[in-house]
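Numbering (UniProt numbering), first residue to last: 1 to 272.
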């Protein structure tokens, strides 16, 4: 299969609380899809509040590492499988994450904001009785708080994650409307030497855009950003490499001639 992007660097399996798919099923589908490599980025969200569906966002890292190593060896002639993690950042978790990462040899670390001062926008309670604009602003402000408190990640995940779940989703959202704070986030990440991701989850959530949206990706490049990974944020096999043709077009339109993958926490740049 012809595809300009041959690595999916954001995916989950049943080691993550919000996926029921065995890791081997995800790998098998990635092979069928024609990818050269994938990076699992299982969720770890310490101090995640009790949810209506009782999800537990802790992570059994030894079991995850062992299973990935086993399957990576089994599939080594068909696909590269790398060891990543998606950290749910909160301001008080820096020491915990530093200790974890000093002990565990991940290839890749995504830092993401899932909680906004104790609430996950995935659940409607975050928006109840509040103006959508202010909810989105609070989310972006929490990103700035998180990256000011902790810098141990490689790229920041799905910067406008919040718009997947707002009452109007991205109907009234644009880069221009939140330009000042989005620019502040992007400039801070660039100054820290961190990247962003183009998360194609926005397409399979029906937004018609990736997360972050194309205008934010373009602005990141205009400001001098160079590190950008691609991931479908798949929790089920049918979403692996979702809309990667569109992702390649977005990157090119925004001035990129390459995308990034990570091994041993070091970026590798691959031409489109």
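For glycine and all other residues, C-beta sits at the position ideal for the given N, C-alpha and C.
(request) Using 10 angstroms around the beta-carbon of residue 50, count the other beta-carbons present and answer buried if the total reaches 16, otherwise exposed. (result) exposed
(request) Label residue 255 either buried or exposed according to how many other C-beta atoms from any shown protein chain fall within 10 Å of its C-beta, with 16 as the threshold for buried. (result) exposed
(request) Starting from the Cα of residue 230, find the closest Cα among 241, 223 and 224 and give me that residue. (result) Closest option to residue 230, Cα to Cα, is 241.
(request) Starting from the N-terminal side, write out each stretch of the beta strand (DSSP E) that is 3 residues or longer and does not extend beyond the region 85-167. (result) 108-112
(request) Whole angstroms is fine: what's the gap from residue 1's alpha carbon to residue 14's? (result) In this prediction, residue 1 has a pLDDT of 40, which is less than 50 and means its spatial position is unreliable; what the coordinates show is noted afterwards. Those two C-alpha atoms are separated by around 27 Å.
(message) Can you find the residues in the same chain that come closer than 6 Å, C-beta to C-beta, to residue 135, ignoring five residues on each side of it along the sequence?
(response) Around residue 135: 127.
(request) Decide if residue 108 is buried, meaning its Cβ has at least 16 other Cβ atoms within 10 Å, or exposed. (result) buried
(request) Determine the closest residue to residue 73 out of 45, 116, 60 and 27, with distance taken between C-alpha atoms. (result) 27
(message) Check whether the region 153-161 and the region 181-194 touch, using three or more Cβ-Cβ pairs below 8 Å as the test.
(response) Short answer: they touch.
(message) With a threshold of 7 Å on Cβ separation, who are the neighbours of residue 224 within its own chain once the five nearest residues in sequence on each side are excluded?
(response) 190
(message) For residue 195, list the residues DSSP reports as bridge partners.
(response) 155
(message) Please report the straight-line C-alpha distance between residue 144 and residue 185, rounded to a whole angstrom.
(response) 6 Å
(message) If the criterion is Cβ atoms closer than 8 Å, does the pair residue 169 and residue 198 meet it?
(response) Taking the C-beta atoms as reference points, residue 198 is found no nearer than 8 Å to residue 169.
(message) Please report the distance separating the alpha-carbon of residue 25 from that of residue 234.
(response) 12 Å
(request) Using 7 Å as the cut-off, classify the Cβ of residue 56 as near or not near the heavy atoms of the ligand MG, replying yes or no. (result) Only the bare structure without any ligand can be found here, which leaves the ligand MG out of the picture.
(request) For residue 1, name the three-state secondary structure that DSSP assigns. (result) Model confidence at residue 1 stands at a pLDDT of 40, short of 50, so the residue's coordinates are unreliable; what they give is reported in the following sentence. For residue 1, the secondary structure class from DSSP, reduced to helix, strand or coil, is coil.
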